[in-house]
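What follows is one structure encoded as structure tokens, with my remarks underneath.
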Amino acid sequence: MAQMTFTADQKKAIETHGQNILVAAAAGSGKTRVLVERIISQVRSGTLSLDRVLVLTFTKAAASEMRERIEAALNEEIAALAVGGGFASDLHQRIGALERQRVLLTGADISTFHSFCQRLIQSHIDATDISPNFRIAGEQEITLLKNKVVEDLLEQEYQRAENGDVDGFLAFSDAYGGVRGDDEQLQGDILSLHAFSLSQPSPETWLRAQGQESADTPYWARSGFSMLADELKQALSQLCADYAEAAALLVAGDANLRAAAAKCLDALEGNREIYEALRSSLAHFLHAEDEAAWEIFLTEAATAKKQRKNIPRKAVENYDAAVGARLKKLTEKIHAAWDGCIGQLPTTADELCETENRANASIRQYVRLTTAFHKAFQKEKLQRGILDFSDLEHTALALLCAQPALLQEKPTTPMPTEIAEELRRHYDAIMVDEYQDTNGLQEGILSQIARDANRFIVGDVKQSIYRFRLADPALFQATYRKYRTNGVDGTLVTMSENFRSRAEVLEPINEIFSQIMSEESVEIAYDDTARLNPGRQFDDLPQGRSLVDPLEIDLLRADYSTSEDEEAEEERKAFEVEAHFIARRIDELKSEGYVLQNGEPLRNRDIVILLRGAKERAGLLLNALRARNIPAYADDTAGYFEASEIRMILSLLAVLDNARQDTPLAAVLTSPMIGLTMAKMAELRVRTPSGSIYDMLTGAAGDEAAENALERIRRWRRHALTHSVPELLWALYRETGYYDYVGTLPGGTLRQANLRMLIDRAADFERTNERGLFRFLRYIDALKRRSTDLSVARTLGESEDVVRIMTIHRSKGLEFPVVFLANIAGTFNTQDTRGDLLYHAHMGIGLRVSENTTAGRQKYDTMARRKVKNIIQRESIAEEMRILYVAMTRAQEKLILTGTLSITRTGRDALEQLRAFCLKYAQTQEAQFPASAILSAKSYLDWITLALMRHPDGALLFEGEKEIAHRQPTHPQARFHVRILDESVRAAQTEAQEATDDILSAVRVDKPLPDGGTADRVAAVLDWTYDLRGTAHIHAKTSVTELKRQQAVEEEVIAPFLPAVGNAESMQPEWEMPRFLRASEREHLTPMERGTAMHTAMQQLDLDHVENIAAIAAQADELLKKGILTEAERKSIDVGKIWKFASSPLGRRMRTAKAIYRELPFGRLLPARRYYEEATDTSDRIFLQGIIDVLFEDEHGDYILLDYKTDRRISAVAARKRYQFQIDLYCDAVETILHKAVKERYLFLLDTGIEVKM
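Sequential numbering of the sequence shown, starting at 1, is according to full-length UniProt numbering.
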């Protein structure tokens, strides 16, 4: 095995033990490799066993990858020892130890948080109120159930209010129900507040704390007053600074300018003195803590406004137009911010306090309704036997924490229950990947099961981009600061070497973020430890053109101000212009002979286009790429119900439910499924001019087409009455040929996948408490009505040569040779701060106050809401910066940023606005821009242009500007290639091109397509007959039992799964009963079910407590109590037979075993010819899978294989003959996979208590 090399930081992360460790791992720094090596190194040294480690990730894919990497590393270790271990005395023991770890890996706790919580609940189901047969409900099912519960809750509130509105609900719902009066806004607010509260360790504790501010609290002690004070101070300081800057502009001019500006200067200085004096009044007001100070300050502010003078700019503008323009820009709206701050203040302090009190009363109403919804929702889920993902975490926390409510203040507080203490003793190491994406609830779970020094947590706060999933990066930051000193709490390891990307990609990223990412602005310092240091060696290419180039920034000028009348040409939207440019740029890259580092030419699959949000834009990109014949794939997150094939099938289902629906029936009749033409429809309508379309069909007696259509619809409706919806759908697909038809259309693979997904959705629906076509259609209608669209099916394979279009969030953890980051000029989404109701984990709830006036309903902001809004805005900006960082660090070899700067019809130029924004900070001398610059940005381009402004490569953006404080780039390879390109907003004409296309012309007139010269080749391909090599009737995947029956057809028929309990001489084939038919109250079990129950009991048998029959019976009763066995299954178990095994020599040997593996699954690829004579090719393989009852390692380290048999009255000779082939397969599997011989093999006949040595 090749020796792995690690950096010093990676070695520190791998080798440091005996304390908690936080690894701050930058993008591409190899954190997964380090985590795997840390596990393997401890396994190798014998200090860690895989059954005593907990590894938590945030996606199933990440958990699967982790498991695969650990298995691969174990295989390499074993192979290296086997080949190069020599004759070391302990070689056999070392290989055996690693093989044991490989077996333990199959059951190791490497999973997502949710999977861990689910296993914990299943293991301690008796300690909860949850049904043992619970299931995890799907997102759509939960959404619909939530809507039903909240609607029922509000209906109950209205009914209660009719008998006396004690709580003031009617006035509250009138104020916050929504403009349409349908309570949609109120319902949405309750559901959103409930969802947010679930991210807290104790939702009810957090909710109860809201709106509890005392009514007599003075204004200066109110929540949000400090925020108001900061706003007033900042606005007044900025006003005085603007006056000073305007005056300095005039003073810096020549004597003639100063003379012309004399009156203007007097006004500027006079106004500045007025507001400088007001600053001391403001300071006194903010610290007075006196009710009278409020009105005194407002009076002084009003007086200042009256005293200030208008600013006479005319003389300055006449003398020097350029200076006059700058003066106008500085002073035209110089008072706007300050006047706005003062204008929103109520006239008295009592009025402000009254407003806050009314808001708090409404907040308490929200809390009451949300708490009531939570209880009703939980009750409904318990009755249905379902859980959602938040239930998994909260139930797990309740099992692990003695007082979850106390975690609300400090999630890291350990208050473990006995269950948590047991897990603490069990887990020697707890490892968490992507720690920056945890929240307080998940941190609370970890704190209960972690010891003082066994945590290994990995993450990068710069890549925390899941705030919308309620991740709390502040937890990572707090741990980072605590571990930074490398004290008793833990050790910080920083890994900043990037093994993914070229220096030409990384250094420009460093250049940008070193200027815009600061602790002051976004609470992250982009210092030397955060820089991305190139760690991968990119060699010179022997041939072809390398992608080594500066970071490319393409800014497109889309001019909509022109008044050209070009009716024949369609105007493109701004992003559509950008989409066509990206398609053209991809064409250029592919045609210019670029070669990747691996020597392969640049292909479509090497390119990804990243979007902040894919809605609508992904479709525009797809169209633009397809127009240039560039295959592309967009992983859409919605649009399923709008897909034409889904709309058609749903129309058909609607007709089968109720045929008297004209629109769906017309669509079905004219579809390929029935095929009536519009001419035929018109003819039928003429014959039956009145009534529905169904009446039109029934009235068309003698018309063959109509009768045939009517007969098919009636036959399908009869089929729907006797079959489930999934069965009905498959029957419709087959009989109509619609599934095959859509497969021939453009995007046919995706269309067919969508149809298959509809069957999956129907199957999911029928796993709920609902059944039937009518209810399924109601379910779909509810999803549409609630805007709960589904994502379209995913049909993309890893090897397909297409350009991928995806959101930045979906790209996290991935890497691509060439990355386009599109729409960098798009403005940030501020939807989070627009609602009446805002909430924050630490700032609480803020709410606008609603009031009915003669002018209509008015809403007023409150100090508390502004405080919450401010912190959300700051956190949103910080999140956007982290998203930008994630997007830019996906590129391996080339990064291209694109944005569109439009000129509107009114002449507003986005490029000029961009320049003006940046030039306000042109004189910044510090390495990082001030927080005000970062927080006032409206797009990624604002930040990028700020950084470019001081860089030589940004000169194109600021031509003619001389007052920029330039600075040297942070690295010679921090280079940019900036282009400003004029792009037409007119769509190119294609009709003329299409007219000359023979194929399109033939399609347009419905004639046969012209011969393309490939007819013979197509015919040869379609007529090809495959040589099946005798495998036509051989299953590619089979079980041990099936293979045994194949080899012993002359023997009696054996049940296809477990050996049945019954007379061995007269056994009939018996098939496993579906689970939904296994009623727990059913008294009589089939022989198959009795055998299954006995095997379950043997699997769960605790060999440390089998001292007598009573102890075994107690264990069986416990299985019943936990829901593992039903009552009927418990009654069927003869504990005396189990006692025979436990007291047998084999049972005693098993109790003293060094290691026991039960229900051990395996899978192998075997030559088909070995077991099937008809197979003719030695290379054909079958996949064999099986489960070994018991494999244990005795005191000498030898493997003993054991299989339980429940056959009745079977002799040892007959059993040996019947099961020898099966046992041979088991032994061969063990010896091949584990590289160790099985010394002994046994059957144990439970009916007679006989050991049969094989």
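Heads up, the beta-carbon is just placed ideally off N, CA and C, and yes, glycines get one too.
Closest by C-alpha distance to residue i, when choosing among the options
i: Tyr-921; options: Ala-947, Asp-909 and Ser-811; result: Ala-947
i: Phe-225; options: Phe-196, Met-863 and Met-1094; result: Met-863
i: Lys-410; options: Tyr-633, Asp-350, Leu-475 and Ser-173; result: Leu-475
i: Glu-37; options: Thr-59, Ala-13, Thr-57 and Arg-52; result: Ala-13
i: Arg-1158; options: Leu-1165, Asp-1177 and Phe-1192; result: Phe-1192
i: Leu-555; options: Ala-825, Val-251, Gln-234 and Thr-1014; result: Ala-825
i: Thr-371; options: Gly-270, Ser-192 and Ala-701; result: Ser-192
i: Gly-138; options: Arg-660, Tyr-779, Thr-348 and Asn-829; result: Tyr-779
i: Asn-852; options: Tyr-176, Ser-115 and Glu-71; result: Tyr-176
i: Val-53; options: Leu-665, Met-431 and Pro-631; result: Met-431
Same chain, Cβ closer than 7 angstroms to residue i, five either side skipped, listed in chain order
i: Ile-871; result: His-840 and Met-843
i: Lys-233; result: Leu-282
i: Arg-484; result: Leu-492
i: Thr-698; result: Leu-710
i: Thr-768; result: Glu-141
Strand pairing of residue i, partner residues [DSSP]
i: Arg-545; result: Tyr-594
i: Gly-844; result: His-840
i: Asn-780; result: For the sequence presented, residue 780 should be read as Ile rather than Asn. The partner list for Ile-780 (beta bridge, DSSP) is empty, contrary to what the question assumes.
i: Asn-498; result: Pro-534
i: Ala-634; result: Ile-805
i: Ser-111; result: Leu-56
i: Cys-353; result: BP columns for Cys-353 are empty, so no partner.
i: Cys-401; result: Pro-416
i: Ile-1187; result: Pro-1161
i: Met-431; result: Val-55 and Phe-456
i: Leu-946; result: Answer by DSSP bridge pairing: none, since Leu-946 is not bridged.
i: Ser-939; result: Thr-827
CA-to-CA distance, residue j to residue i, given in whole angstroms
i: Ile-646; j: Tyr-640; result: 7 angstroms
i: Ala-1111; j: His-1105; result: 6 angstroms
i: Phe-377; j: Gln-448; result: 27 angstroms
i: Arg-279; j: Ser-237; result: 8 angstroms
i: Lys-869; j: Met-227; result: 10 angstroms
i: Ala-525; j: Arg-424; result: 35 angstroms
i: Thr-1031; j: Gly-1163; result: 20 angstroms
i: Ser-1080; j: Asp-452; result: With a pLDDT of only 45 at Ser-1080, under 50, the local geometry of the prediction cannot be trusted, and the value read off the model is given with reservation. Near 45 angstroms, if we compare the C-alpha coordinates of Asp-452 and Ser-1080.
i: Asp-549; j: Tyr-560; result: 33 angstroms
i: Leu-650; j: Glu-1231; result: 54 angstroms
i: Pro-1069; j: Arg-119; result: Any reading at Pro-1069 must be qualified, since the residue scores a pLDDT of 44, below 50, and its modelled position is unreliable; the value itself is stated next. For Pro-1069 and Arg-119, the distance between alpha carbons rounds to 35 angstroms.
i: Arg-44; j: Ala-82; result: 14 angstroms
i: Arg-1090; j: Thr-1126; result: 11 angstroms
Other residues of its chain near residue i: CB distance less than 8 angstroms, five sequence neighbours each side excluded
i: Leu-1234; result: Glu-99, Arg-102, Val-103 and Tyr-1199
i: Glu-566; result: Confidence at Glu-566 is low in this model, with a pLDDT of 46, below 50, so its placement is unreliable and no value can be given for it.
i: Val-493; result: Asp-9, Lys-12, Ala-13, Thr-16, Ile-21, Leu-22, Val-23 and Ala-24
i: Ala-1113; result: Val-1135
i: Gly-856; result: none
Same chain only: Cβ atoms within 6 angstroms of residue i, ignoring 5 sequence neighbours per side
i: Leu-144; result: Ala-782
i: Arg-1082; result: Note on Arg-1082: pLDDT 49, under 50, position unreliable in the model; the coordinate value appears next. Excluding sequence neighbours, Arg-1082 sits near Ala-1128.
i: Leu-897; result: Ile-553, Leu-821 and Ile-824
i: Thr-889; result: Ala-27
With three or more C-beta pairs closer than 8 angstroms as the rule, is the segment 258-277 touching the segment 355-363? no
Any 3 or more C-beta pairs closer than 8 angstroms across the segment 196-207 and the segment 392-408: yes
Between the segment 416-423 and the segment 439-457, can you find at least three pairs of beta-carbon atoms closer than 8 angstroms? yes
Per the contact definition of three or more C-beta pairs closer than 8 angstroms, is the segment 903-911 in contact with the segment 579-586? no
Touching by the beta-carbon criterion (3+ pairs, under 8 angstroms), the segment 729-743 and the segment 610-629: no
Contact between the segment 374-394 and the segment 321-334: three or more CB pairs below 8 angstroms? no
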